[in-house]
Amino acid sequence: MFVHNINPVLLKLGSLEIRYYGIIYALAFLIGYYYIKRESEKRNLKLDADSLITYLIIGTLIGARLFEIIFYNPSFYFSNPLEIFALWHGGLSFHGGLVGGLVASIIFCRKYKIRLLELGDILAVPLAFGLFIGRIANFINGELYGYPTNLSWGVDFGDGIFRHPTQIYESLKNLFIFFILLKLKKKEHKEGYLSFIFLTLYGLIRFFIEFLKVPENYLLGMPTGQLFSALMFITGIYFLTKSRRE
Numbered sequence: 075m076f077v078h079n080i081n082p083v084l085l086k087l088g089s090l091e092i093r094y095y096g097i098i099y100a101l102a103f104l105i106g107y108y109y110i111k112r113e114s115e116k117r118n119l120k121l122d123a124d125s126l127i128t129y130l131i132i133g134t135l136i137g138a139r140l141f142e143i144i145f146y147n148p149s150f151y152f153s154n155p156l157e158i159f160a161l162w163h164g165g166l167s168f169h170g171g172l173v174g175g176l177v178a179s180i181i182f183c184r185k186y187k188i189r190l191l192e193l194g195d196i197l198a199v200p201l202a203f204g205l206f207i208g209r210i211a212n213f214i215n216g217e218l219y220g221y222p223t224n225l226s227w228g229v230d231f232g233d234g235i236f237r238h239p240t241q242i243y244e245s246l247k248n249l250f251i252f253f254i255l256l257k258l259k260k261k262e263h264k265e266g267y268l269s270f271i272f273l274t275l276y277g278l279i280r281f282f283i284e285f286l287k288v289p290e291n292y293l294l295g296m297p298t299g300q301l302f303s304a305l306m307f308i309t310g311i312y313f314l315t316k317s318r319r320e
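Take 75 as the starting number for the sequence shown in the numbering used here and just add one per residue.
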């Protein structure tokens, strides 16, 4: 078993803190940027990667923060309004980021005349990898942990109780999805196939991981993250089935 005593702050300069959390997410966007450029060149797609990554960063961060504030921890943020802007402290909802990124992608595609499903298939692969390293950031922050466990890999996050390291479970889940998408992208598929596979696998696996995680909040009688994951799975299955019939 492991006692979590990792300092989430890499470097402190006066009141300025440089945290692993921010560095890891910046790295995820950087990797995504270079992947998008390479993939668009392979597809002979006239895609302005600089503009796209700007749209995605803004949309993802706004969506992720809004969902965190509205659905996960409204009482905390409304009591501490300055914390709304302290992104380096964590508190970014994946589902909110997905919605925000989708809205940003729709706006981008309409402006630059790009097909949304084709763009979605390009983004699915770096998204899975970014989430893989992003959950490691959650582990370093000591947040989003699971229920108590007697398993040998249980982690004490500071309360003296060994718990499921659900951040690591989710990280491995995202790595698994990443490799699945890498394998599938080598074959010919209808546009949107990789996007729908991502939605389906992410929603399904996270739905079950949520049974091991201490819920941040409940919505309609279910842990909020589990409910949103179920909706992801249903959406993915619906569009996969629909695309096969067309």
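Heads up, the beta-carbon is just placed ideally off N, CA and C, and yes, glycines get one too.
Linking Tyr109 to Asn154 through their CA atoms gives a straight-line distance of about 38 angstroms.
Look at Phe231 here: in three-state DSSP terms it is coil, with no helix or strand label. In the structure shown, Leu166 falls within a coil segment according to DSSP collapsed to helix, strand and coil. Between Gly216 and Val177, the beta carbon gap of about 31 angstroms keeps them out of contact (Cβ cut-off 8 angstroms). Boundaries of the beta strand (DSSP E) harbouring Ile92: Leu90 to Arg93, taken from the DSSP string. In the displayed model, Pro297 falls within a strand according to three-state DSSP. Look at Tyr292 here: in three-state DSSP terms it is strand. Excluding five sequence positions before and after Met306, the CB atoms of its chain that fall closer than 7 angstroms to its own CB belong to Leu273, Tyr276 and Gly277, given in chain order.
The residue among Leu190, Leu225, His238 and Gly194 with its C-alpha nearest the C-alpha of Phe213 is His238. Closest in alpha carbon position to Leu130, among Leu286, Phe252, Ile181 and Leu85, is Ile181. By the C-beta criterion, the segment 193 to 208 is judged to be in contact with the segment 247 to 261, since at least 3 inter-stretch pairs fall below 8 angstroms. Assigned with DSSP and collapsed to three states, Gly220 falls in strand. Within the same chain, and ignoring the five residues on either side of Ile207 in sequence, the residues whose Cβ sits closer than 7 angstroms to its Cβ are Ile98, Leu101 and Ala102. By the criterion of at least three beta-carbon pairs nearer than 8 angstroms, the segment 182 to 195 is in contact with the segment 114 to 129. Note: Phe76 is bridge-paired with Val229 in the DSSP secondary-structure output.
Take the alpha-carbon of Phe236 and the one of Tyr221: they are about 8 angstroms apart. Exclusion of the five residues before and after Glu290 leaves Tyr146 as the residues of its chain whose Cβ lies within less than 6 angstroms of its Cβ.
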